[in-house]
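Presented below is the structure to which this report refers.
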Amino acid sequence: MKTIAYFCKNLFFLFSPGLFHCLCLCLCLSLFYACNTKESKIITVTGEIPAGEIGKTLHHEHLLVDFIGADSTGYFRWNRDSVVEKVLPYLLEIKKLGYKTLVECTPAYLGRDPELMKMLVEKSGIQIITNTGYYSAVGGKFIPPHGFTETAEQLANRWINEAKNGIEGTGIYPGFIKISVERGPLTEINLKVVEAACITHKTTGLVIMSHTGLAVPAFQQLEILEKHGIHPSAFIWTHAHNEQDNLKMVEAAQKGAWIAFDNFNPDRLDRFVEFALMMKKEGLLNKLMFSHDAGWYQPGVAGGGNFRGFTEVEKLLIPALEKNGLSQQDIYQLFTANPAEAFKVKIRLNRS
Ligand SMILES: [Zn+2]
Numbered sequence: 100m101k102t103i104a105y106f107c108k109n110l111f112f113l114f115s116p117g118l119f120h121c122l123c124l125c126l127c128l129s130l131f132y133a134c135n136t137k138e139s140k141i142i143t144v145t146g147e148i149p150a151g152e153i154g155k156t157l158h159h160e161h162l163l164v165d166f167i168g169a170d171s172t173g174y175f176r177w178n179r180d181s182v183v184e185k186v187l188p189y190l191l192e193i194k195k196l197g198y199k200t201l202v203e204c205t206p207a208y209l210g211r212d213p214e215l216m217k218m219l220v221e222k223s224g225i226q227i228i229t230n231t232g233y234y235s236a237v238g239g240k241f242i243p244p245h246g247f248t249e250t251a252e253q254l255a256n257r258w259i260n261e262a263k264n265g266i267e268g269t270g271i272y273p274g275f276i277k278i279s280v281e282r283g284p285l286t287e288i289n290l291k292v293v294e295a296a297c298i299t300h301k302t303t304g305l306v307i308m309s310h311t312g313l314a315v316p317a318f319q320q321l322e323i324l325e326k327h328g329i330h331p332s333a334f335i336w337t338h339a340h341n342e343q344d345n346l347k348m349v350e351a352a353q354k355g356a357w358i359a360f361d362n363f364n365p366d367r368l369d370r371f372v373e374f375a376l377m378m379k380k381e382g383l384l385n386k387l388m389f390s391h392d393a394g395w396y397q398p399g400v401a402g403g404g405n406f407r408g409f410t411e412v413e414k415l416l417i418p419a420l421e422k423n424g425l426s427q428q429d430i431y432q433l434f435t436a437n438p439a440e441a442f443k444v445k446i447r448l449n450r451s
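Heads up: the sequence shown is residues 100 to 451, going by my numbering.
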């Protein structure tokens with residue numbers, strides 16, 4: 100970008116004034132916007148969008164989760180039309196509230212279904228972002244057999260292939276990397292998926308969202324990123340609200356990592372508000388995201404079980420944040436500007 104800007108500046112002065120002057124200016128502006136647009140795309144289930152079009156976003160939700168395990172799950176486990184019938188009203192509900200995008204955080208082998216998401220996008224008008232990557236918490240229950248035998252490089256190649264060629268021939272592309280680790284120190288399989296995520300990030304520029312919870316594994320992961328030369332802004336510390344030492348999240352955010360308080364429910368109202376105020380005081384509101392971690396049509400349960408909707412953030416959390424002094428600009432930061440920045444495709448290296 101700097102090189103292009105330098106070239107344009109010189110070209111501009113070489114041929115001024117007159118018509119050529121104007122033409123050069125137009126060329127420079129076009130190049131500038133072309134470069135900017137290229138750097139700022141987000142990948143949704145129905146294609147690329149400029150990051151600025153993400154709109155108000157719930158950055159961590161689930162449409163369907165299949166808890167049966169990697170050895171038994173498959174698309175045969177649910178009927179897409181039945182899931183659409185159940186889930187669509189919940190998407191229309193958030194659309195009415197002004198939300199434009201929902202990030203679907205269910206990884207492969209846990210119920211990720213790109214075709215289902217596409218059906219719901221088309222019927223609801225809500226943009227959905229899906230993922231690549233594996234979930235290695237719960238003792239590896241959701242890791243397929245090849246996940247245990249292959250190297251981190253081999254796993255990364257599978258995920259990079261999805262990012263380059265689409266998921267399973269659907270023509271649908273992942274917009275981020277979703278991984279998961281245990282709450283304690285990283286296990287062998289945890290380490291491997293984090294390594295694979297780093298390799299994938301360096302090729303694809305997809306942000307790494309890691310189901311993490313506590314500070315010990317969070318900082319272990321940031322160390323692995325550093326070993327790969329990756330900036331912490333490529334990392335979303337998911338379920339950070341489970342860590343009780345707020346200073347740990349402040350420390351990670353100061354390094355540049357994203358802090359995700361993503362399982363909002365009414366019982367957590369005070370915790371979420373208190374943390375937002377702390378981050379605002381620290382000047383770190385630009386590193387924080389909130390969501391429900393809700394939804395969850397469950398295959399194998401009658402009618403998909405109890406589906407939790409996506410409206411409590413809008414109906415309870417945002418009014419409470421405003422009542423406690425957050426401005427409209429702060430709310431825009433949390434639910435629009437931060438997701439736009441976090442999910443934009445960009446290789447984030449320490450030297451850049
Ligand atoms: Zn989740």
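C-beta: ideal position from N, C-alpha, C; glycine also. This one's a predicted model, so the numbers in the text were calculated from it and none came from an experiment.
Residue i versus residue j - alpha carbon distance
i      : j      : result
Cys127 : Tyr189 : In this prediction, Cys127 scores a pLDDT of 44, lower than 50, which makes its location untrustworthy; the coordinate-derived value is nonetheless stated afterwards. Their Cα atoms are separated by approximately 45 Å.
Ile225 : Leu201 : 7 Å
Ala251 : Ala295 : 5 Å
Gly173 : Gly210 : 8 Å
Gly274 : Pro244 : 25 Å
Glu261 : Thr231 : 7 Å
Leu387 : Val400 : 34 Å
Arg447 : His327 : 11 Å
Ile142 : Asn345 : 32 Å
Leu124 : Thr248 : Residue confidence for Leu124 is low, a pLDDT of 41 falling below 50, so the modelled location carries little weight; the figure read from the coordinates is stated next. Near 56 Å, if we compare the C-alpha coordinates of Thr248 and Leu124.
Gly408 : Gly312 : 23 Å
Thr410 : Ala359 : 18 Å
Asn452 : Gly283 : There is no way to answer for residue 452, as the model of the chain reaches only from 100 to 451.
Asn362 : Arg370 : 11 Å
Gly239 : Val280 : 9 Å
Asp392 : Leu433 : 16 Å
Ala207 : Asp170 : 12 Å
Helix, strand or coil at residue i [DSSP, three-state]
i      : result
Ser223 : helix
Ala375 : helix
Trp357 : strand
Thr299 : helix
Ser309 : strand
Phe318 : helix
Tyr431 : helix
Gly239 : helix
Asn264 : helix
Glu214 : helix
Asn437 : helix
Ser139 : coil
Arg447 : coil
Gly328 : coil
Pro244 : helix
Arg282 : coil
Ile415 : Looking at the sequence itself, residue 415 is Leu, so the reference to Ile does not match. Note: Leu415 maps to helix in three-state DSSP.
Asn385 : helix
Neighbourhood of residue i by C-beta distance below 6 Å, restricted to the same chain and skipping five residues each side
i      : result
Val292 : Tyr233, Ser235, Ile278
Ala456 : Given that the chain is displayed from residue 100 to residue 451, the structure contains no residue 456 and the question cannot be resolved.
Thr205 : His161, Val164, Arg211
Nonlocal neighbours in the same chain, by C-beta distance under 7 Å from residue i, ignoring five residues either side
i      : result
Lys217 : Val144, Thr145, Ile271
Lys222 : Val183, Leu187
Ala333 : His300, Val306, Ile307, Leu324, Arg447
Contact with chain C by residue i, beta-carbon distance below 8 Å
i      : result
Thr250 : Absent from the structure: chain C. Only one protein chain is present.
Inter-residue CB distance, residue i and residue j (contact presumed, cutoff 8 Å)
i      : j      : result
Ala441 : Ile335 : 6 Å
Phe374 : Leu416 : That pair is no contact at about 11 Å.
Own chain, CB closer than 8 Å to residue i, minus 5 neighbours either side, in chain order
i      : result
Pro365 : Glu411, Leu415
If you scan the region 152 to 201 from start to end, which runs of the alpha helix (DSSP H) of 4 or more residues do you find wholly inside it?
-> 179 to 195
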